[in-house]
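Everything in the sequence shown is counted per my numbering, starting at 74 for the first residue and increasing by one.
Right, one structure below, let's go through it.
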Amino acid sequence: MAIIFEGKSTCPICSQVLDKGKPYMGFLPFTGNAKDILFMFSDSGVHVDCLHSHPHGALALLHRNKCGEALKPENRKCWIDGQVIERREHVISFGMFTSDESEPLAKFNYMMLNRLNLGRWQDRKAFISAGTEFLQAGKWGSLTEVNVLQIAINEIK
Numbered sequence: 074m075a076i077i078f079e080g081k082s083t084c085p086i087c088s089q090v091l092d093k094g095k096p097y098m099g100f101l102p103f104t105g106n107a108k109d110i111l112f113m114f115s116d117s118g119v120h121v122d123c124l125h126s127h128p129h130g131a132l133a134l135l136h137r138n139k140c141g142e143a144l145k146p147e148n149r150k151c152w153i154d155g156q157v158i159e160r161r162e163h164v165i166s167f168g169m170f171t172s173d174e175s176e177p178l179a180k181f182n183y184m185m186l187n188r189l190n191l192g193r194w195q196d197r198k199a200f201i202s203a204g205t206e207f208l209q210a211g212k213w214g215s216l217t218e219v220n221v222l223q224i225a226i227n228e229i230k
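Printed below as a string of C-alpha cells:
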C-alpha cells in the first residue's frame, strides 16, 4: 500500500494535500509502466472524490482490486498447473503490464508462475513475444533504471 504522510502527501489528480478534511484511499504499486494511463494511481494516495471524477478512476479501482486479490496468499496459484505455490522462492509474479486490454501483453497482467513449471508453460513464447514487441514499440516507460517488463522477460526466458 502507498505510504501516505497525512498533511504532507498530495493527491496526484488535484495536487492538494491528503488529510482528514477529505477522504482518501491508497493504492498498491500495481504497475511499473510509467507510460500507462493508470501509472499516476500506482503506489499513491488519492482523494476519493478525485478518483470518482477522474476519467480513468473506475479502471484504476478495478486494477486496485485485481492487484489486492492477486497478492492474497490463497491466490498464489501457478497459472501453469493451478496449484498454490507453497515456497516463496519458487514464485514469479508481476503486476499490471498494461491497462489496455487490446494489447496482447494484457493477457499476462498479474501473472503468477511457479519457477519449477516454466519449462512446460505453453504461453512462454507468447509472453516473451508480446513483452518484447511492447518494449520495442515504446509503450513501456520506467522512472528508474529498473525496467520491470525487461526483468519479467529475462526471468521467463
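Quick reminder that beta carbons are idealized off the backbone N, C-alpha and C, glycines included.
Being a predicted model, the structure only gives us computed values, none of them experimental.
Asked: Closest by C-alpha distance to valine 221, when choosing among Phe114, Leu191, Ala75, Met184; Found: Met184
Asked: Asparagine 182, buried or exposed, once every other Cβ within 10 Å from all chains shown has been counted against 16; Found: buried
Asked: Continuous alpha helix (DSSP H) assignments of at least 4 residues falling wholly in the region 124-212; Found: 130-143, 197-209
Asked: Whether isoleucine 110 touches histidine 127 by CB criterion (8 Å); Found: no
Asked: Three or more C-beta pairs below 8 Å linking the region 187-196 and the region 145-154; Found: yes
Asked: Cβ-Cβ separation, isoleucine 229 to phenylalanine 200 (assumed contact under 8 Å), whole Å; Found: 6 Å
Asked: Span separating the alpha-carbon of proline 85 from that of lysine 180; Found: 28 Å
Asked: Threonine 83 versus cysteine 123: straight-line alpha-carbon distance, rounded; Found: 12 Å
Asked: Residue-chain proximity (lysine 81, chain B), Cβ-Cβ < 8 Å; Found: The structure shown contains no chain B, having only a single protein chain.
Asked: Residues near alanine 203 by beta carbon distance below 6 Å, same chain, minus five either side; Found: Pro177, Leu178
Asked: Exposure label - phenylalanine 78; buried when at least 16 CB within 10 Å; Found: exposed
Asked: DSSP state of valine 219 mapped onto helix, strand, coil; Found: coil
Asked: Nearest-angstrom Cβ-Cβ length linking phenylalanine 103 and cysteine 140, presumed shorter than 8 Å; Found: 4 Å
Asked: Own chain, CB closer than 6 Å to phenylalanine 167, minus 5 neighbours either side, in chain order; Found: Met184, Ala225
Asked: When Val164, Phe207, Glu162, Lys198 are compared against serine 175, the one with the closest alpha-carbon; Found: Phe207
Asked: Residues of its chain near glycine 118, where Cβ-Cβ distance is below 6 Å and the 5 sequence neighbours each way are ignored; Found: Ala75, Ile77, Ser82, Leu91, Tyr97, Gly99
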